[in-house]
Structure formats: structure tokens, C-alpha cells
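Notes follow once the structure below has been shown.
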Amino acid sequence: MAQDKIIVRGAREHNLKNITVEIPRNKMVVITGISGSGKSSLAFDTIYAEGQRRYVESLSAYARQFLGQMEKPDVDQIEGLSPAISIDQRGASHNPRSTVGTVTEIYDYLRLLYARIGVPHCPQCGREVTKQSAQQIVDAVLAMPPGTRFQVLAPLVQDRKGHHQAIFEDVRKAGFVRVRVDGSVHDVDEEIELDRYKMHTIEAVVDRLVIPDSSSPQSSFSTRLTDSIETALQLGDGVVIINDVSLDPPQDVLYSEHLACPVCGISLAEIEPRTFSFNSPHGACPECQGLGTRMELDPELVVPNPDQSLEEGTIEAWNIRDHKGVYWQQLEAVCDHYDIPIDIPWRKLNQANSTSFCTEAAMSAFTYTTAAETDAAASTPVASRG
Numbered sequence: 001m002a003q004d005k006i007i008v009r010g011a012r013e014h015n016l017k018n019i020t021v022e023i024p025r026n027k028m029v030v031i032t033g034i035s036g037s038g039k040s041s042l043a044f045d046t047i048y049a050e051g052q053r054r055y056v057e058s059l060s061a062y063a064r065q066f067l068g069q070m071e072k073p074d075v076d077q078i079e080g081l082s083p084a085i086s087i088d089q090r091g092a093s094h095n096p097r098s099t100v101g102t103v104t105e106i107y108d109y110l111r112l113l114y115a116r117i118g119v120p121h122c123p124q125c126g127r128e129v130t131k132q133s134a135q136q137i138v139d140a141v142l143a144m145p146p147g148t149r150f151q152v153l154a155p156l157v158q159d160r161k162g163h164h165q166a167i168f169e170d171v172r173k174a175g176f177v178r179v180r181v182d183g184s185v186h187d188v189d190e191e192i193e194l195d196r197y198k199m200h201t202i203e204a205v206v207d208r209l210v211i212p213d214s215s216s217p218q219s220s221f222s223t224r225l226t227d228s229i230e231t232a233l234q235l236g237d238g239v240v241i242i243n244d245v246s247l248d249p250p251q252d253v254l255y256s257e258h259l260a261c262p263v264c265g266i267s268l269a270e271i272e273p274r275t276f277s278f279n280s281p282h283g284a285c286p287e288c289q290g291l292g293t294r295m296e297l298d299p300e301l302v303v304p305n306p307d308q309s310l311e312e313g314t315i316e317a318w319n320i321r322d323h324k325g326v327y328w329q330q331l332e333a334v335c336d337h338y339d340i341p342i343d344i345p346w347r348k349l350n351q352a353n354s355t356s357f358c359t360e361a362a363m364s365a366f367t368y369t370t371a372a373e374t375d376a377a378a379s380t381p382v383a384s385r386g
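Numbering-wise (the working numbering), the sequence shown opens with residue 1 and increments by one.
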């Protein structure tokens with residue numbers, strides 16, 4: 001039975017004088033006291049050190065050689081202790097890429113754990129994403145009940161518009177005699193007319209088989225099934241569909257040689273520790289680069305008074321009333337490039353002009369500000385620089 005408290009008996013680490021204390025679990029506990037009273041000795045050098053030492057000792061000898069082994073603290077007994085993490089007593093970092101997980105290094109253990117035992121799922125439909133060899137697919141089909149009638153299908157087109165006559169011609173030239181179009185099986189010699197403006201799904205029927213019973217020879221059937229599966233995988237770019245027609249209605253089972261979702265068509269790379277790192281391009285969100293926030297332009301802050309024209313100084317951040325300054329020259333160049341009139345109120349400009357102007361203005365302001373700061377820093381004497 002799990003204990004509801006941590007019991008420390010006879011702690012003598014550093015300046016602790018044979019301290020015995022009980023700390024409740026699953027609660028926030030604050031250790032307070034005057035300087036030198038042993039707060040850090042109890043929290044870090046006794047409780048954390050013993051928890052970390054016990055955790056490392058539970059690992060294999062191979063794993064322990066990569067981790068620092070902590071010395072056993074001077075304490076008689078500690079009960080109810082779990083593996084522990086700690087944040088050192090130092091100034092907190094304001095770097096957004098520094099979190100509790102990275103500071104305590106528990107994030108490295110979690111990334112390794114997820115990479116080794118994690119099961120990938122499709123980010124769109126949520127289905128489990130796996131990859132199987134041709135032999136594993138054959139074994140899965142052979143495990144079906146005897147007498148099961150099924151078709152081996154190779155997917156060619158998945159929810160695409162068009163009449164797809166070239167696909168039917170390629171199937172005919174490859175020697176296949178049947179195709180399944182939108183769930184219905186047709187002979188390739190038929191006149192198959194499709195609405196080019198509707199979505200269509202086309203699969204080539206590679207083979208039609210029946211699972212034999214135990215009294216029938218299995219070797220010839222297994223050989224034929226293997227050949228059909230391999231042909232379908234090659235034709236379907238690593239994906240094969242087993243259509244069980246014994247059921248009512250018939251049911252499809254999809255198998256894939258790749259780590260990909262055969263339904264959504266999303267391919268995934270092999271999961272590894274860097275896949276779970278928000279500090280790595282391989283794991284960070286492409287939208288926010290792993291920071292959780294995005295910098296976006298707010299046109300209302302750039303132009304607080306839309307009733308003014310550009311010539312009247314509607315850009316709040318720039319003092320463009322001076323028509324001889326560099327900002328006014330930049331403004332004229334931008335307006336001339338985008339054919340934007342500067343003598344009419346801002347709200348009368350169309351959306352395309354105002355949006356492109358705001359973007360250009362913000363980038364120009366940043367460029368000029370950065371250049372000005374660089375020039376100022378370069379002209380500052382070295383002795384007086386911060």
C-alpha cells in the first residue's frame with residue numbers, strides 16, 4: 001500500500017542535527033527557516049539525493065554508466081520516497097526554451113521513453129500508425145477463418161477528381177481484369193464513365209481468394225497469397241487492401257509497409273528522441289517554432305486613426321509629417337510600388353493595399369530601426385559601451 005507521507009529519520013547531512021520529520025505526499029510543502037538552519041540540506045542533500053540515488057540504482061549497469069551516481073546521504077532511514085527531480089537554487093532563466101523539464105533534465109528521460117515505447121498515431125484521424133512486412137501481412141490474412149472469401153486490392157486513386165481513363169488503361173496493360181471504383185467492381189474492358197468533377201477512389205483487383213480449411217493443401221495457397229500481396233504492395237506504393245466479401249456489408253482492412261496512415265495518406269518519420277524536442281527542427285511546431293506563440297501584425301496598432309490619410313501622418317509609429325525625412329521617402333517608395341494613393345483617408349483604401357502596406361511598413365520600420373541602432377553602436381567609443 002502506498003504511503004501518504006515521506007518519513008525522514010536521523011538526518012545528519014551537513015549542519016542537520018539528527019533531524020526526524022514527516023512530509024505529506026501529493027501536497028505542496030514549503031521548508032522555511034533562518035539562514036543556516038538546514039533547509040537546503042534537508043530538501044536537496046538528503047531527500048532529493050536519496051530519491052535520485054535509488055532511481056539510478058534501479059537502472060541497468062549499462063544505463064548507470066551514463067548517469068552521475070550520487071553519494072548516500074547521512075541519514076538513518078527514509079520511507080515513502082519516490083524518484084525525485086529538483087531545480088537548483090539559481091536565477092530563473094527568462095529563455096522561453098527553458099522549462100521545468102529541461103532544467104531538471106527529466107525532459108531527456110521522457111523523450112527517450114516516448115521514442116522507445118511510443119506508438120505513433122495519425123494526427124488527423126487518430127488511427128494507430130504501423131508498418132508491416134509482406135510476410136506479416138500474409139500471416140495476418142492466413143489467420144482469417146477458413147472459408148473466408150476476400151479480394152486483394154491495390155489502391156491507385158484515393159478521393160481524387162477526374163475521369164481517370166489513363167488509370168484504367170494502365171491497369172488493362174498491366175494484365176489485371178477487374179477494378180473497384182467507388183466500392184463497385186467492374187471489368188476493365190467495360191466502358192467506365194466517371195464524373196470528372198466528383199471524388200473517386202479506384203483500386204485494382206489483384207486476386208480473389210478463399211481461405212482453405214485444414215484438409216486442403218496450405219503451401220500452394222500460401223505461395224499464391226504471398227505473390228498477390230507483394231504484387232499489390234508494389235502496385236499500391238506499399239499499401240494493400242484486403243476486402244472481406246464474406247461479411248455483410250463487405251469490410252476493408254488496410255495494411256502498409258510504411259509508417260503511414262493508409263486512410264489519410266500521411267507519412268511519418270521513425271520516432272526518435274529528437275521527434276519530441278521542441279528545441280529541434282525535427283520536433284518543433286512549424287508554426288511557432290516550438291515556443292507556443294507567434295508574432296503577428298495588428299493593423300489597428302499601426303494605423304490607429306483610419307480617417308487620416310498617409311500624407312497626414314496616419315502611421316502612429318512614424319513621424320512622417322516631415323516630408324524630407326527618411327521615413328517619408330520610404331513611405332513614398334512603398335506607395336509608388338503598390339499604387340497606393342497617399343492623399344485619401346486610410347479607411348477608403350481597399351483591403352489588399354492596406355494589408356500589403358502594413359506588412360511592408362512594419363518590415364521597413366524594423367529594418368531602419370535595426371540599422372540605426374547598429375550605426376549608433378558602431379559610433380560609440382569602445383570604453384563607454386555597456
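Ideal placement from N, C-alpha and C gives every residue a C-beta, glycine not left out.
**Item:** Q234, DSSP secondary structure in three states
**Value:** helix
**Request:** Taking E79 as part of the beta strand (DSSP E), name the residues at either end of that continuous run.
**Result:** 75-79
**Asked** For Y255, does the count of other Cβ atoms within 10 angstroms reach 16, so buried, or fall short, so exposed?
**Response** buried
**Request:** Can you grab the Cα-Cα spacing for the pair G38 / T104, in whole Å?
**Result:** 22 Å
**Request:** Could you pull out every residue in the same chain whose Cβ sits closer than 6 Å to the Cβ of L291, ignoring the five residues on either side in sequence?
**Result:** P96
**Asked** What is the rounded straight-line gap between the Cα of L349 and the Cα of P286?
**Response** 33 Å
**Message:** Quick check on Y197: does DSSP put it in helix, strand or coil?
**Reply:** coil
**Asked** In terms of DSSP beta bridges, what is Q251 paired with?
**Response** D244
**Prompt:** Would the stretch 221-238 and the stretch 117-128 be scored as touching if the rule is three or more Cβ pairs under 8 Å?
**Reply:** no
**Request:** For Q151, write down the residues that DSSP places opposite it in a beta bridge.
**Result:** R208, N243
**Message:** Can you look up T389 in the DSSP assignment and give me helix, strand or coil?
**Reply:** This structure leaves residue 389 out entirely; the chain is present only between 1 and 386.
**Buried/exposed call for S384, threshold 16 Cβ in 10 Å** = Only weak support is given to the placement of S384: the predicted model assigns it a pLDDT of 29, under 50, and the value that follows is read from those uncertain coordinates. S384 comes out exposed.
**Prompt:** Alpha carbon to alpha carbon, what distance is there between G51 and P83?
**Reply:** 5 Å
**Asked** Among C122, L42, N26, which has the Cα closest to the Cα of G33?
**Response** L42
**Prompt:** DSSP three-state call for G292: helix, strand or coil?
**Reply:** coil
**Message:** Rounded to the nearest angstrom, what separates S60 and R53 at their Cα positions?
**Reply:** 13 Å
**Request:** Apply the 10 Å Cβ neighbour rule to D195 and answer buried if 16 or more other Cβ atoms are within range, or exposed otherwise.
**Result:** exposed
**Asked** Using the rule of at least 16 other Cβ atoms within 10 Å of the residue's Cβ for burial, across every protein chain shown, is I31 buried or exposed?
**Response** exposed
**Message:** Here's the rule I'm using: 16 or more other beta-carbon atoms within 10 Å means buried, otherwise exposed. How should Y338 be labelled?
**Reply:** exposed
**Asked** Under a Cβ-count criterion, where at least 16 other Cβ atoms within 10 Å of its own Cβ denotes burial, should R25 be classed as buried or exposed?
**Response** exposed
**Inter-residue CB distance, I167 and I202 (contact presumed, cutoff 8 Å)** = 6 Å
**Request:** Determine, using beta carbons only, whether A154 and A260 come nearer to each other than 8 Å.
**Result:** no
**Prompt:** If you draw a straight line from the alpha carbon of G215 to that of S277, how long is it in whole angstroms?
**Reply:** Contrary to the premise, residue 215 reads as Ser rather than Gly in this sequence. Rounded to the nearest angstrom, the two C-alpha atoms are 55 Å apart.
**Item:** CA-to-CA distance, V326 to D336, given in whole angstroms
**Value:** 15 Å
**Prompt:** Does the Cβ-Cβ distance between V8 and I78 come in under 8 Å?
**Reply:** yes
**Item:** Whether D189 touches H200 by CB criterion (8 Å)
**Value:** no
**Residues bridged to E332 (per DSSP)** = Per DSSP, none; premise fails for E332.
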